[in-house]
Amino acid sequence: MAARRRAEEMRERVVLGEFGVRNVHTTDFPGNYPGYDDAWDQQRFEEGFRVDVVREEEDALEFDMVGIDAAIANAFRRILLAEVPTMAVEKVFVYNNTSIVQDEILAHRLGLIPIRADPRLFEYRNQGEKHGLWGAWVQVLGLCWSCTFIVSEFCVEDVLILYICDFPAFAGG
Numbered sequence: 004m005a006a007r008r009r010a011e012e013m014r015e016r017v018v019l020g021e022f023g024v025r026n027v028h029t030t031d032f033p034g035n036y037p038g039y040d041d042a043w044d045q046q047r048f049e050e051g052f053r054v055d056v057v058r059e060e061e062d063a064l065e066f067d068m069v070g071i072d073a074a075i076a077n078a079f080r081r082i083l084l085a086e087v088p089t090m091a092v093e094k095v096f097v098y099n100n101t102s103i104v105q106d107e108i109l110a111h112r113l114g115l116i117p118i119r120a121d122p123r124l125f126e127y128r129n130q131g132e133k134h135g136l137w138g139a140w141v142q143v144l145g146l147c148w149s150c151t152f153i154v155s156e157f158c159v160e161d162v163l164i165l166y167i168c169d170f171p172a173f174a175g176g
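Here the numbering used here is used: the first residue of the sequence shown is 4, the next is one more, and so on.
Dropping the structure here:
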């Protein structure tokens with residue numbers, strides 16, 4: 004009987020212990036535990052699954068999905084992230100990088116910065132449309148790192164804090 008109780012705990016409970024979390028893996032699939040019928044049942048899923056809205060605002064929604072496998076919830080999260088329109092740096096042309104940061108790392112980090120901008124103010128290329136290097140689709144961002152006025156203006160305790168609004172942007176062309 005104790006073994007069955009232990010199996011029930013492993014199947015149904017996530018345990019927060021002193022040195023870590025136990026029982027985090029999904030084990031409710033057929034054949035994993037002898038004597039248990041773990042075949043998927045839609046009625047049982049509908050009874051156990053629910054979505055709890057935690058916070059709802061004009062441009063944000065926070066919710067909890069209860070009674071669903073973590074892998075399915077993560078797939079849902081990835082789909083939502085992929086469908087949210089965002090703007091970011093796509094291509095970086097580096098001219099005379101004298102820092103210790105490699106060009107590829109710098110370009111990758113710039114691509115991770117989300118840009119808050121009105122997409123209606125940008126011109127987009129159509130599929131297959133080609134422009135020159137400085138066509139209308141290029142936004143040129145520049146920053147003078149050697150200018151002590153700019154650096155000292157944003158410098159707090161030897162830490163340089165830069166935001167996307169600190170980059171003087173203008174349309175190339």
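Idealized CB from N, CA, C, for every residue including glycine.
C-beta atoms of residue i and residue j nearer than 8 Å
i	j	result
Arg2	Tyr36	Beyond the ends of the chain as shown, which are 4 and 176, falls residue 2; an answer cannot be given.
Ile118	Ala76	no
Phe32	Asp40	no
Asp72	Thr29	yes
Delimiting residues of the alpha helix (DSSP H) encompassing residue i
i	result
Asp106	106-114
Glu11	5-15
Asn77	73-86
Coil, strand or helix - residue i by DSSP
i	result
Phe66	strand
Arg119	coil
First and last residue of the uninterrupted beta strand (DSSP E) at residue i
i	result
Glu59	53-59
Inter-residue CB distance, residue i and residue j (contact presumed, cutoff 8 Å)
i	j	result
Val18	Arg25	4 Å
Gly70	Glu93	Actually they do not touch by this definition, with Cβ atoms about 39 Å apart.
The region 89-97 touching the region 106-119, judged by at least three CB pairs closer than 8 Å
yes
Could you say if the region 29-46 and the region 58-71 meet the contact criterion of at least three C-beta pairs nearer than 8 Å?
no
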